[in-house]
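**Student:**
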Amino acid sequence: MAILEVSELRSRYSSRGPEILKGISFEVEEDDFFAIIGPSGAGKSTLIRCINRLIEPTSGSINLHGIDVLSLNATELRKMRRHIGMIFQEFNLIDRMSVMDNVLSGRLGYVGAIRSIFRTFNNHDIQRALELLERVGLQDHVDKRADQLSGGQRQRVGIARALMQEPNLLLLDEPTSALDPKISREVMQLIRTIATELKVPVLCNIHDVQLAKEFCNKIIGLQDGIKMFDGPTPSLDQSSLDEIYSMEVL
Amino acid sequence: MQTSSVPLTVDDIVRLRRKKQTVQFGFYFILFILVLWSIQATVIDDTDWERIGSLADIGKSVSHFIGIDFALIPNLLGPTIETFMIACIGTILGLIICLPAMWFGALNVTPYKPITYPLARIAMTLSRSIHEIVWALIFVSAVGLGAFAGILAIAVRSLGFIAKMSAEAIENIDPKPVEAIRAMGGSNLQVMLYGIMPQVLPVILGIVIFEWEINIRRSAILGLVGAGGLGLVFFRQMNTFNYPGVTTVILAIFGLIVVGEITSHYSRKALN
Amino acid sequence: MANKTGEHNLPVHSSVGGDGVHREWSRFKFPRSLINYGILLGILLFFSYSVYYLNIPLERIMGMFGRLGDLMADRYFPPDMDYIVDLGYLDAIIETIQMAYLGSLFGLLISIVLGWFAAHNVSPSPKYIYPIARLLTMGCRSVHEMIWAILFVTILGFGLLPGVLALTMFSIGFSGKLFAEEIESIQMGQVEAIRAMGGNHLQVFVYGVFPQVRVAFTGIAIYTWDVAFRAATVVGFVGAGGMGWYLKRNVMQIETERVAAILISIVGLVVISEFVSAWARIRVSKAK
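Residue numbers (our numbering), protein chains in the order written: chain A, 537 to 786; chain B, 187 to 458; chain C, 8 to 295.
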């Protein structure tokens with residue numbers, strides 16, 4: 537059963553600007569680790585931000601668990617978003633807050649105004665945050681400030697924060713581009729293990745084809761806003777890669 | 187003549203240099219004439235040289251100020267504390283009335299750009315362009331003589347600088363944490379609290395401390411228009427021609443400012 | 008399925024958060040949080056005590072804004088605009104501009120030298136001249152321009168000259184520190200080069216330092232003029248000439264509608280000067 541159905545998605549930055557996405561359709565299923573590959577500027581980032589409407593698509597439809605995402609109003613959208621975890625290229629942590637507060641901030645969608653002012657989270661959330669931090673191997677850094685950690689550690693905080701949301705979809709926007717190859721593999725491994733364990737489908741936007749082949753079961757390839765490839769990982773061969781990356785050679 | 191297509195000859199270079207020099211010379215010449223005119227108007231025409239007298243006379247008037255009035259020192263403690271407190275409360279009040287101004291005045295968070303943004307900018311300009319003495323005059327006539335008028339004057343005068351610098355800090359934030367909070371379903375308030383505030387709070391505190399240091403200087407003179415503190419004592423010494431007393435008050439102000447500068451230096455260091 | 012409202016029909020994955028192990032964590036950290044709360048409490052206490060000490064009528068604050076509005080409407084409105092287009096007053100405006108111009112010019116000339124002496128990296132004598140220059144700039148800075156004006160008026164009598172001198176002192180204080188900071192942040196390589204070829208202190212300054220800070224100095228100078236003009240509008244209040252003198256006179260005679268007109272003229276001129284200075288600074292930084 538498809539968890540996420542995207543069809544004919546189009547997007548442009550401004551009403552007269554060039555079209556970034558030119559009608560993209562695909563489906564993500566329950567146990568997918570889904571990769572979007574393609575050269576830079578192909579629209580990967582825009583596509584993933586359209587799913588939770590950080591960027592508003594101009595037309596098309598997005599269906600998540602049978603809910604039409606594009607028809608939601610602002611309040612409904614916020615309720616929707618708290619079930620979609622997102623992990624970012626440059627971690628997007630709150631640098632001056634502690635690791636613990638960063639992870640707890642994943643609960644913000646569930647917390648009211650007064651509680652967010654005084655940062656009072658209930659005991660269940662605190663227990664959950666500590667467990668997640670242990671799970672990603674940061675139990676010794678709970679009270680450090682986020683900007684005192686290394687890149688890999690910071691991305692682990694990002695993972696814990698996203699899982700704090702109890703997501704039923706994880707969006708990954710180039711989660712490893714700011715990390716070195718060894719750490720990249722560790723981080724991807726961690727995400728895959730946890731995602732499998734929690735049965736959360738993952739939609740991942742990734743530059744590194746090698747990593748995509750290694751960790752993802754399905755791949756779509758974008759080039760200049762057009763889908764050039766769609767299929768399970770084993771079917772991705774050199775000729776389809778050449779096609780996806782043909783622009784980059786020029 | 188087409189200087190772009192034809193290579194420059196030595197003559198052209200010389201001509202260009204001459205032209206540039208002439209313009210420069212003209213500019214400095216005008217500045218110089220302005221200086222002469224100003225000197226003529228202010229220093230020569232307007233000054234009553236008879237009243238000033240010879241250099242020796244000036245020396246004599248200056249020498250009145252040498253010395254310290256020790257009898258005055260015990261009476262200075264109260265006004266010094268008062269001045270200090272006026273500066274502190276004025277700065278805090280300034281920060282409070284500043285919050286809407288910096289919110290409206292930062293392009294990336296202003297609620298409704300065509301109205302709120304210019305409104306905040308006007309408030310900032312007004313606050314900065316009117317001198318604290320004038321603000322104090324206005325508030326003295328509104329709430330009467332005393333420290334309260336001084337506090338209000340300082341608060342309003344601080345608004346401009348704090349709001350302007352803070353709005354700039356808000357405009358220059360890193361948008362990445364903001365995106366993260368939005369992506370997880372955070373409300374506008376939560377974006378403000380978790381995405382923006384942690385980034386700008388240290389900057390704003392630094393600005394406030396800097397302004398506080400200036401406000402000590404300002405609150406020391408507000409007594410001139412009846413807003414209490416050391417300025418009042420200063421004025422009283424002046425009116426009774428107690429010149430050593432005047433020097434003593436100035437030294438007290440100086441001391442207070444040194445204390446403020448040291449505090450400000452260390453607290454700003456602690457912020458980083 | 009046309010369910011729009013999200014949350015209920017979504018499956019929730021919560022298998023993390025249920026391993027039953029209890030973990031200890033508290034936002035309160037023993038010595039550090041206590042110290043922080045202590046400092047916060049101390050500051051709060053100080054403020055409440057200050058409010059008490061200064062006899063601030065808290066209950067009147069709410070009513071104040073209404074009263075301020077009434078006051079403006081009753082007494083300060085309409086501003087007596089005829090008064091400020093009067094020839095005598097226009098003369099005072101020109102005098103104010105001249106005062107600000109001369110004061111900042113003298114101040115800037117002095118503070119170029121003082122800034123040089125007060126910059127630790129190129130000061131001719133870091134041991135003796137540096138602290139003296141520092142003290143002088145700080146002294147000029149910490150005494151408010153109004154106090155300078157009063158002092159000069161006492162010594163020299165009423166007129167524009169004490170105003171010019173007061174603004175000179177003010178400009179020294181304002182620009183001296185900025186100049187010194189600017190010089191302290193230069194690249195020392197060029198200075199070393201001049202030193203290495205046997206240049207004396209003056210040569211080091213003229214060839215090694217000045218070319219590096221010329222643009223920044225020009226910017227600071229324009230800014231100083233702008234700020235000095237703002238101060239010049241009020242130094243007359245204590246008898247140092249210019250528009251401030253008119254302000255003082257009308258305040259004393261409770262000619263509130265004229266005061267309003269004068270305030271409008273001051274704000275207008277300051278806004279103009281701010282625009283001019285912003286424009287000039289942009290031009291200078293572009294010209295390099």
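Where a beta carbon is used, it is the ideal one built from N, C-alpha and C, also for glycine.
Could you tell me if L545 of chain A is buried or exposed, where buried requires 16 or more neighbouring beta carbons within 10 angstroms of its beta carbon?
**Tutor:** buried
**Student:** Closer than 8 Å between beta carbons: that is the criterion. Which residues of the stretch 676-710 of chain A meet it against chain C?
**Tutor:** V678, D679, L699, E702, P703 and N704
**Student:** Pull the bridge partners of G767 of chain A from the DSSP assignment, please.
**Tutor:** A:I755
**Student:** Mapping the DSSP letters down to three states, classify M378 of chain B as helix, strand or coil.
**Tutor:** helix
**Student:** Does the separation of the CB atoms of R548 of chain A and V639 of chain A fall below 8 Å?
**Tutor:** no
**Student:** List the residues of chain C that A328 of chain B touches, going by C-beta distances under 8 Å, in chain order.
**Tutor:** M71, R74, L75 and L78
**Student:** Using the three-state DSSP reduction, which class does S686 of chain A fall into: helix, strand or coil?
**Tutor:** Of the three classes helix, strand and coil, the one that applies to S686 of chain A here is coil, per DSSP.
**Student:** Going by other Cβ atoms of all chains shown within 10 Å of its Cβ, with 16 needed for buried, is I603 of chain A buried or exposed?
**Tutor:** buried
**Student:** For a contact defined as C-beta to C-beta under 9 Å, what are the partners of H451 of chain B on chain C?
**Tutor:** None at all; the shortest Cβ gap to chain C is about 12 Å.
**Student:** Taking the C-alpha atoms as reference points, what is the distance between G415 of chain B and F421 of chain B?
**Tutor:** Going by the C-alpha atoms only, they are around 11 Å apart.
**Student:** Could you tell me the distance, in whole angstroms, from the CA atom of V216 of chain C to the CA atom of V291 of chain C?
**Tutor:** 19 Å
**Student:** How many whole angstroms separate the CB atoms of R791 of chain A and M700 of chain A, which I take to be in contact at a CB cut-off of 8 Å?
**Tutor:** Absent from the model: residue 791 of chain A. The displayed extent of chain A is 537 to 786, so no value can be given.
**Student:** Distance check for Y56 of chain C and N62 of chain C, CA to CA, integer angstroms please.
**Tutor:** 10 Å
**Student:** Is there a Cβ from chain A that is less than 8 Å from the Cβ of M187 of chain B?
**Tutor:** For M187 of chain B, the predicted structure reports a pLDDT of 46, less than 50, and the residue's modelled location is therefore unreliable. The matter cannot be settled from this model.
**Student:** Name, please, each residue of chain B whose Cβ falls closer than 9 Å to the Cβ of M764 of chain A.
**Tutor:** Within 9 Å Cβ-Cβ: nothing; M764 of chain A doesn't reach chain B, min ~27 Å.
**Student:** Applying a beta-carbon distance threshold of less than 8 Å, which residues of chain C neighbour V221 of chain B?
**Tutor:** Y108, L109 and L112
**Student:** Return helix, strand or coil for V564 of chain A, following the three-state DSSP convention.
**Tutor:** DSSP places V564 of chain A in strand when its eight states are reduced to three.
**Student:** Are any of the Cβ atoms in chain C nearer than 8 Å to that of R404 of chain B?
**Tutor:** True, the Cβ-Cβ gap to chain C drops below 8 Å.
**Student:** Given R579 of chain A, which residues of its chain have a CB within under 6 Å of its CB, disregarding the five upstream and five downstream residues?
**Tutor:** Checking the sequence shown, residue 579 of chain A turns out to be Gly, not Arg. Excluding sequence neighbours, G579 of chain A sits near I556, L557, L758 and G761.
**Student:** So what's A107 of chain C in DSSP terms, helix, strand or just coil?
**Tutor:** Correct three-state label for A107 of chain C: helix.
**Student:** Please identify, using Cβ separations under 9 Å, the residues of the stretch 220-248 of chain C that lie next to chain B, in order along the chain.
**Tutor:** R237, A238, T240, V241, F244, V245 and G248
**Student:** What are the uninterrupted segments assigned as alpha helix (DSSP H) that are 4 or more residues long and contained completely in the stretch 256-315 of chain B, given in chain order?
**Tutor:** 259-291 and 299-315
**Student:** Whose Cβ in chain A lies nearer than 7 Å to the Cβ of K134 of chain C?
**Tutor:** Correct list: empty, because the minimum Cβ distance to chain A is about 40 Å.
**Student:** Name the residue from C:I136, C:Y108, C:E66 and C:P85 whose alpha carbon lies nearest to the alpha carbon of V120 of chain C.
**Tutor:** When each option's Cα is compared against that of V120 of chain C, the closest is C:I136.
**Student:** Would you mind giving the Cβ-Cβ distance between K735 of chain A and D568 of chain A, rounded to the nearest angstrom? I have them listed as a contact below 8 Å.
**Tutor:** Not confirmed; about 11 Å, so no contact.
**Student:** Do you know how far the Cα of V28 of chain C is from the Cα of L708 of chain A?
**Tutor:** 30 Å
**Student:** Can you tell me whether Y44 of chain C is buried or exposed, with buried defined as 16 or more other CB within 10 angstroms of its CB?
**Tutor:** exposed
**Student:** Would you call the CB atoms of F212 of chain C and V129 of chain C closer than 8 Å?
**Tutor:** It is a contact, given that the beta carbons lie within the stated cut-off.
**Student:** Is the shortest distance between the beta-carbon of I282 of chain B and the beta-carbons of chain A less than 8 Å?
**Tutor:** For I282 of chain B, not one C-beta of chain A is nearer than 8 Å to its own C-beta.
**Student:** Should L442 of chain B and T266 of chain B be called a contact, given that it needs their Cβ atoms to be closer than 8 Å?
**Tutor:** yes
**Student:** Going by DSSP, what residues sit across from H623 of chain A in a beta bridge?
**Tutor:** The amino acid occupying residue 623 of chain A in the given sequence is Ile; His does not appear at that position. The secondary-structure analysis by DSSP pairs I623 of chain A across a beta bridge with A:L708.
**Student:** Would L254 of chain C pass as a contact of G246 of chain C if the rule is Cβ separation under 8 Å?
**Tutor:** no
**Student:** May I ask you to verify whether the stretch 82-101 of chain C touches the stretch 253-273 of chain C, counting CB pairs closer than 8 Å and requiring at least 3?
**Tutor:** yes
**Student:** Within 10 Å of its beta-carbon, does P703 of chain A have 16 or more other beta-carbons around it, so buried, or fewer, so exposed?
**Tutor:** buried
**Student:** When we look at the beta-carbon of G767 of chain A and count the other beta-carbons within 10 Å, is it buried (16 or more) or exposed?
**Tutor:** exposed
**Student:** If the criterion is Cβ atoms closer than 8 Å, does the pair I229 of chain C and I179 of chain C meet it?
**Tutor:** no
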